[in-house]
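Quick note, the sequences are listed as chains H and C, same order.
In case it helps, our numbering puts the first sequence at residues 24 to 191.
In case it helps, our numbering puts the second sequence at residues 24 to 191.
The beta carbon of each residue, even a glycine, is placed where N, CA and C say it ideally should be.
In what follows, a structure is listed as structure tokens, so that the remarks can point back to it.
Number of protein chains: 2
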Amino acid sequence: MADIGTNAAGGEALLFLTDEQLRKGIEAMFFAYRGFTADPDRILEKLEYGRAHHRALHFIHRQSGLTVNTLLAVLGVTKQSLNRVLRTLIDDGLVESRVGRRDKRERHLYLTEKGAALERELSEAQRVRMRAAYRTAGPQAVAGFRQVLEAMMDPEMRRQYLMLRDGA
Amino acid sequence: MADIGTNAAGGEALLFLTDEQLRKGIEAMFFAYRGFTADPDRILEKLEYGRAHHRALHFIHRQSGLTVNTLLAVLGVTKQSLNRVLRTLIDDGLVESRVGRRDKRERHLYLTEKGAALERELSEAQRVRMRAAYRTAGPQAVAGFRQVLEAMMDPEMRRQYLMLRDGA
DNA sequence: TTGGAAAGTCAACAAGGCTGACATAAAATC
DNA sequence: GATTTTATGTCAGCCTTGTTGACTTTCCAA
Numbered sequence: 024m025a026d027i028g029t030n031a032a033g034g035e036a037l038l039f040l041t042d043e044q045l046r047k048g049i050e051a052m053f054f055a056y057r058g059f060t061a062d063p064d065r066i067l068e069k070l071e072y073g074r075a076h077h078r079a080l081h082f083i084h085r086q087s088g089l090t091v092n093t094l095l096a097v098l099g100v101t102k103q104s105l106n107r108v109l110r111t112l113i114d115d116g117l118v119e120s121r122v123g124r125r126d127k128r129e130r131h132l133y134l135t136e137k138g139a140a141l142e143r144e145l146s147e148a149q150r151v152r153m154r155a156a157y158r159t160a161g162p163q164a165v166a167g168f169r170q171v172l173e174a175m176m177d178p179e180m181r182r183q184y185l186m187l188r189d190g191a
Numbered sequence: 024m025a026d027i028g029t030n031a032a033g034g035e036a037l038l039f040l041t042d043e044q045l046r047k048g049i050e051a052m053f054f055a056y057r058g059f060t061a062d063p064d065r066i067l068e069k070l071e072y073g074r075a076h077h078r079a080l081h082f083i084h085r086q087s088g089l090t091v092n093t094l095l096a097v098l099g100v101t102k103q104s105l106n107r108v109l110r111t112l113i114d115d116g117l118v119e120s121r122v123g124r125r126d127k128r129e130r131h132l133y134l135t136e137k138g139a140a141l142e143r144e145l146s147e148a149q150r151v152r153m154r155a156a157y158r159t160a161g162p163q164a165v166a167g168f169r170q171v172l173e174a175m176m177d178p179e180m181r182r183q184y185l186m187l188r189d190g191a
């Protein structure tokens, strides 16, 4: 990583960001994201589910009882698109949809025991890779990793992320 | 980022990787990748192209004259899938396909002036965001960012990436 | 009490992955 | 020289996951 220059003179960190260095970062994102999704994808394939199902399970687990609308906002897809995925998860008994007590228009989403089991399997596969990468790179690198990713998000996504990050 | 613990006692860095911390990393990847692709996606939409076209343009630019087979390996898709995309790019005059001189079975791919112009527009949009994120996070964070991403790749992808990283 | 807004569902379409089968030309091998 | 392998392209058809538009149910406020 010696190719990321700083001005050694001043104490302040100035980056010399050549297009070349930025290109490397862009390609690193591309290749790393493939690795990031590879393990869950393999598990999902056998079950005839896709990445969209994984994302739904992940965020329902994260925030049990959230409404369809909230999930929609987090995932950033249209409700029709989410609905299809949700439909199969509910039909297959992985997710339970309960009518809101106060507002009966709302549907609150929960994982069933079966759904929670699959979520655990998927996220554990993903954590194994993440853990290995973190160990390889070391704690300082991990801190930097998170900082850059957070700075890369759209403001609206960052709001979502930070809300989730520290407990909803 | 104070939540990433190290053992302050020893000089050696031991990470305390709780599932919670790993989850934050996973969600950061998810939200950041959306930001990462958002700007090019907006440009592509107007032109009726998709992310697949962008990826093809990117790697043809990176390695001018590469063969279809090489591009296939880098992108990790099937030839039918790539062919559809390549077809439209060639028909629209963004990419040129030349028969190999030594091996006439091969097709070598080049960007036309028009193709290069679009590639520049797309990658500049992506670099703007990347540059901003790098500036915000600082040089140390950037180094860590790249280290973690590299560690996260599949070995085969890492090989591809490292080959490209330092000039093909 | 009625009309609009909000939450969710259904139908139909498109992009871009995938597999399988097959064609062609060139190169490599026997 | 005949055969096999390699590189590429193409057709057909499938799946996932995006999209928009139209519709129902429910809630709330004028």
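Beta-bridge pairing of residue i - partner residues as DSSP gives them
{"i": "H/Thr-90", "result": "H/His-131"}
{"i": "H/Glu-68", "result": "Per DSSP, none; premise fails for H/Glu-68."}
{"i": "H/Glu-173", "result": "DSSP lists no partner for H/Glu-173."}
{"i": "C/Arg-121", "result": "C/His-131"}
Neighbour flag for residue i against chain H, beta carbons, 8 Å
{"i": "C/Met-186", "result": "no"}
{"i": "C/Asp-126", "result": "no"}
{"i": "C/Val-165", "result": "yes"}
{"i": "C/Thr-135", "result": "no"}
{"i": "C/Glu-173", "result": "yes"}
{"i": "C/Asp-177", "result": "yes"}
{"i": "C/Asp-115", "result": "no"}
{"i": "C/Arg-57", "result": "yes"}
{"i": "C/Ala-61", "result": "yes"}
{"i": "C/Leu-45", "result": "yes"}
{"i": "C/Arg-169", "result": "yes"}
{"i": "C/Leu-40", "result": "yes"}
{"i": "C/Arg-152", "result": "yes"}
Beta-carbon proximity list for residue i, same chain, < 8 Å, skipping 5 on both sides
{"i": "H/Ala-79", "result": "Leu-94, Leu-98, Leu-105, Val-108, Leu-109, Leu-112 and Val-118"}
{"i": "H/Ala-191", "result": "Low confidence applies here, because H/Ala-191 scores a pLDDT of 47, under 50, leaving its location unreliable; read the following figure in that light. Excluding residues within five positions, the ones whose Cβ falls inside 8 Å are Arg-85 and Gln-86."}
{"i": "C/Tyr-184", "result": "Glu-173 and Met-176"}
{"i": "C/Gly-58", "result": "Arg-152"}
{"i": "H/Ala-96", "result": "Gln-183"}
Proximal residues to residue i (C-beta, below 7 Å), its chain only, five neighbours per side dropped
{"i": "C/Leu-187", "result": "Arg-85"}
{"i": "H/Pro-63", "result": "His-77, Leu-145, Ala-148 and Gln-149"}
{"i": "H/Ala-61", "result": "none"}
Cutoff 8 Å: residue i Cβ touching any chain C Cβ
{"i": "H/Ala-32", "result": "In this prediction, H/Ala-32 has a pLDDT of 40, which is less than 50 and means its spatial position is unreliable; what the coordinates show is noted afterwards. H/Ala-32 does not count as touching chain C."}
{"i": "H/Ala-75", "result": "no"}
{"i": "H/Ile-27", "result": "With a pLDDT of only 49 at H/Ile-27, under the threshold of 50, the placement of this residue in the model should not be trusted, and no figure is reported."}
{"i": "H/Ile-49", "result": "yes"}
{"i": "H/Gln-86", "result": "no"}
{"i": "H/Gly-138", "result": "no"}
{"i": "H/Leu-145", "result": "no"}
{"i": "H/Ala-96", "result": "no"}
{"i": "H/Asp-64", "result": "no"}
{"i": "H/Thr-159", "result": "yes"}
{"i": "H/Gln-103", "result": "no"}
{"i": "H/Ala-79", "result": "no"}
{"i": "H/Tyr-72", "result": "no"}
{"i": "H/Arg-192", "result": "This structure cannot speak to residue 192 of chain H, because chain H is shown only from 24 to 191."}
{"i": "H/Ala-156", "result": "yes"}
{"i": "H/Arg-107", "result": "no"}
{"i": "H/Gly-99", "result": "yes"}
Cβ separation of residue i and residue j, assumed to be a contact under 8 Å, to the nearest whole Å
{"i": "C/Leu-45", "j": "H/Met-153", "result": "5 Å"}
{"i": "C/His-77", "j": "C/Leu-67", "result": "6 Å"}
{"i": "H/Arg-130", "j": "H/Gly-123", "result": "7 Å"}
{"i": "C/Tyr-56", "j": "H/Tyr-56", "result": "5 Å"}
Same chain only: Cβ atoms within 6 Å of residue i, ignoring 5 sequence neighbours per side
{"i": "C/Arg-121", "result": "His-131"}
{"i": "H/Val-91", "result": "Arg-130"}
{"i": "C/Asp-114", "result": "none"}
_When you compare the stretch 165-178 of chain H with the stretch 165-185 of chain C, are there three or more beta-carbon pairs, one atom per stretch, that lie closer than 8 Å?_
With a cut-off of 8 Å, the stretch 165-185 of chain C and the stretch 165-178 of chain H count as touching, because enough Cβ pairs lie within range.
*State whether the stretch 44-53 of chain H contacts the stretch 139-157 of chain C, with contact taken as three or more CB pairs (one from each stretch) at a distance under 8 Å.*
Contact annotation: the stretch 44-53 of chain H touches the stretch 139-157 of chain C, with at least three C-beta pairs closer than 8 Å.
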